[in-house]
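J.:
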Amino acid sequence: MLSLSGMLILLIIFAHFIVLITELLNSGIEAVVDMFTKEYHELAKKAKDLGSAAVLLSLANLTIVWGYAFYSIILK
């Protein structure tokens with residue numbers, strides 16, 4: 070039977086919430102940028118790119134957490 074510690078389960082849940090929160094913040098950034106300008110502007114592009122990078126980093130964090138979880142299951 071697969072068994073994870075309570076702390077690891079909380080870490081997995083927390084990592085999922087971080088992804089959701091950063092995705093919401095990224096959507097908010099994109100909405101605000103679109104509200105102010107519909108035409109191309111370098112700063113608008115930079116704001117959107119940085120928001121997307123934050124989501125990517127949170128997904129990388131989630132991948133690491135799941136990797137650790139699977140690694141700890143395999144070692145048991």
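Residue numbering for the sequence shown follows this note's numbering, beginning at 70 and increasing consecutively.
The C-beta atom is built at its ideal place from N, Cα and C for all residues, glycine as well.
1) Take the Cβ of S141 as the centre, count every other Cβ of all protein chains shown within 10 Å, and call the residue buried at 16 or more, exposed below.
2) So, for M104: in the same chain, excluding its five sequence neighbours on each side, which residues have a beta-carbon less than 6 Å away from its beta-carbon?
3) I'd like to know whether the C-beta atoms of V102 and A84 end up nearer to each other than 8 Å.
4) Return yes when the Cβ of N95 is within less than 8 Å of the Cβ of V134, no when it is not.
5) Please classify H85: does DSSP put it in a helix, a strand, or coil?
T.: Taking the structure as given:
1) Position 72 of the sequence shown, counted from the first residue, corresponds to residue 141. S141 comes out exposed.
2) Translated into positions along the sequence shown, residue 104 becomes position 35. The answer is none, since no qualifying residue turns up.
3) Numbered from 1 along the sequence shown, position 33 holds the residue referred to as residue 102. Numbered from 1 along the sequence shown, position 15 holds the residue referred to as residue 84. Going by C-beta atoms, V102 is not nearer than 8 Å to A84.
4) Along the sequence shown, one-based indexing puts residue 134 at 65. Along the sequence shown, one-based indexing puts residue 95 at 26. Taking 8 Å as the Cβ cut-off, V134 and N95 do not qualify as a contacting pair.
5) As a working mapping, residue 85 is identified with position 16 in the sequence shown. In the structure shown, H85 sits in a helix (DSSP, three-state: H, G or I).
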